[in-house]
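**Q** Numbering (this note's numbering), first residue to last: 67 to 438. We put the beta carbon where it would ideally sit given N, CA and C, even for glycine.
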Amino acid sequence: MLFMAGYCTAVGISLLLCVARSLAFDCPYTVTLNTISIDCSNKLLTTIPTNYPGPNTIVSLSMRGNRMSTIPPGTFGYFPNLTTLDLSYNNFTQIPGAGLDALPRLQSINWSGNPLTSVADGVFKNLTSLSELIIQNTPLVTLSAEALQGLTSLHTLTLDYNQLSFLPINILQRVPTLLTLTLRGNQLTTLTLNETTMNATLSIDISNNPSSCDCDFQWFVDALASSELALLPGVATVCAWPPELKGSTVSSLTGSLTCMPPVILSGPQNASILTDRSFVLGCSVIGTPFPSVVWLKNGALLSYSSRVYVLSKFNASLVFSNTTIDDNGNYQCVAQNYRYQPSAVYSSEVATLKVTKASCFDGKLSAGEDGR
Numbered sequence: 067m068l069f070m071a072g073y074c075t076a077v078g079i080s081l082l083l084c085v086a087r088s089l090a091f092d093c094p095y096t097v098t099l100n101t102i103s104i105d106c107s108n109k110l111l112t113t114i115p116t117n118y119p120g121p122n123t124i125v126s127l128s129m130r131g132n133r134m135s136t137i138p139p140g141t142f143g144y145f146p147n148l149t150t151l152d153l154s155y156n157n158f159t160q161i162p163g164a165g166l167d168a169l170p171r172l173q174s175i176n177w178s179g180n181p182l183t184s185v186a187d188g189v190f191k192n193l194t195s196l197s198e199l200i201i202q203n204t205p206l207v208t209l210s211a212e213a214l215q216g217l218t219s220l221h222t223l224t225l226d227y228n229q230l231s232f233l234p235i236n237i238l239q240r241v242p243t244l245l246t247l248t249l250r251g252n253q254l255t256t257l258t259l260n261e262t263t264m265n266a267t268l269s270i271d272i273s274n275n276p277s278s279c280d281c282d283f284q285w286f287v288d289a290l291a292s293s294e295l296a297l298l299p300g301v302a303t304v305c306a307w308p309p310e311l312k313g314s315t316v317s318s319l320t321g322s323l324t325c326m327p328p329v330i331l332s333g334p335q336n337a338s339i340l341t342d343r344s345f346v347l348g349c350s351v352i353g354t355p356f357p358s359v360v361w362l363k364n365g366a367l368l369s370y371s372s373r374v375y376v377l378s379k380f381n382a383s384l385v386f387s388n389t390t391i392d393d394n395g396n397y398q399c400v401a402q403n404y405r406y407q408p409s410a411v412y413s414s415e416v417a418t419l420k421v422t423k424a425s426c427f428d429g430k431l432s433a434g435e436d437g438r
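Set out below in structure tokens:
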């Protein structure tokens, strides 16, 4: 330990614990016997320091909370024995797979809190020793099975609080050793897994998702009942749809879950409104699974924004948070359910929205206006 600068404490009979600082980057590191753990968290760094002494003994590196968006080629060649890597809460939009190739002994990696938009296929293909992969709190909307290629030792996959709305049926195909899968707090209405590729002792958490307890979810209920699948202890998965099962825990469900084609109970109505108002065009839709609903304006697909948007996952009404003259037009809601004639659509009647410029508030509210 000739490179040490700091203090050492004897712990027990044979363990020597040392805490020091890198003079160049002010990153504390801990030495336990002949291994080093480096903590460069929250240092405003844009790259990983590589001038530490004793690189072959570095086993843990935390770069959490910095400003990195790329990793230069060859960087990780400096850490051949790294087993734990924390790159959470940086500025990565993509995972740099080429850089990870130099980490064959890596066992745990954390990508949480990065603005990841996708995970490329095969990006982890050389991390055959990885047992824990954590990707939380990102804008990620989907993940392919091929993205997990090469993770033949993976035991824990944590995908909590992303924006995942879909996972392919073969998502577990590349991770046969997986023991724990957590997907809490995403946008998943259903989860369909290939049971033939699922570890017999898999535990799962899909709590805090808008789960649709329909016929597509039957396999999940049956797998829980037969103990082929287990929920993590203390976890309750609650149905958000259909209305008659809303609030029920999945573990309490018995019998067969059903599916039904889309029905538009009521569509938008003609309306007149002033500018600079909050307004809602109603569209009441049922169906199980809940239908995919889009809005047309003047016969063309309407693009949503922070000002004009669909109310919620299970409420297809169209919200105008601040009406403008540009909102004038003919509106129609259209529902579709992939289980029932995918080429067929179910459409409401066309409603005309007339928006006129407000000169001053006259104290009267239009129909559908909430007065905000």
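1. Across the stretch 290 to 310 and the stretch 329 to 344, are there enough close Cβ pairs to call them in contact, namely three or more that are closer than 8 Å?
2. Would you kindly check if the distance between the Cβ of Gln202 and the Cβ of Asp226 is under 8 Å?
3. At what residue ranges does the stretch 298 to 384 contain a whole run of the beta strand (DSSP E), taking only runs of 3 or more?
4. Applying the 10 Å Cβ sphere with the 16-neighbour rule, what's the burial state of Thr418?
5. What residue range does the beta strand (DSSP E) around Asp271 cover?
6. Within the same chain, show all residues whose beta-carbon is closer than 7 Å to that of Pro162, passing over the 5 residues directly before and after it, in chain order.
7. If you check the beta carbons only, do Pro139 and Gly165 fall under 8 Å apart?
8. Report the rounded CA-to-CA distance for Thr243 versus Leu127, giving the unit in angstroms.
9. Between the C-alpha atoms of Thr101 and Leu172, what's the straight-line distance to the nearest angstrom?
10. Pull up the distance between the alpha-carbon of Thr422 and that of Val351, whole angstroms please.
11. DSSP three-state label for Ile104, please.
12. Can you give the beta carbon distance from Asn260 to Asn236, rounded, assuming they're within the 8 Å contact cut?
13. So, using beta-carbon positions, are Thr239 and Ala211 closer together than 8 Å?
14. Residue range of the beta strand (DSSP E) that Ala401 falls in?
15. Is Val400 closer than 8 Å to Leu384 when the C-beta atoms are compared?
16. Could you name the residues of the same chain whose beta carbon sits closer than 6 Å to that of Met264, not counting the 5 residues immediately before and after it, in chain order?
17. Below 8 Å on the Cβ atoms is my guess for Ser154 versus Asn122; work out the distance and round it to an integer in Å.
18. From which residue to which residue does the alpha helix (DSSP H) around Ala424 run?
**A** Answer, in terms of the structure:
1. no
2. Asp226 is a Cβ neighbour of Gln202, given a cutoff of 8 Å.
3. 305 to 307, 326 to 332, 337 to 340, 345 to 347, 350 to 354, 358 to 363, 374 to 378
4. With fewer than 16 other CB atoms across the displayed protein chains lying within 10 angstroms of its CB, Thr418 is exposed.
5. 269 to 271
6. Here the set comprises Thr136, Ile137.
7. yes
8. Each residue's Cα considered, the two are about 25 Å apart.
9. Approximately 15 Å between the Cα atoms of the pair.
10. 29 Å
11. strand
12. Indeed, because the Cβ distance is near 5 Å, the residues count as touching under 8 Å.
13. Here residue 239 is Gln; the residue named in the question, Thr, does not match the sequence. Yes, the Cβ-Cβ distance between Gln239 and Ala211 is below 8 Å.
14. 395 to 402
15. no
16. If we look at Met264 and ignore the five residues flanking it on each side, its Cβ neighbours are Leu238.
17. Ser154 to Asn122, Cβ: 25 Å. No contact.
18. Careful: Ala424 lies outside any alpha helix (DSSP H) and carries neither H nor E.
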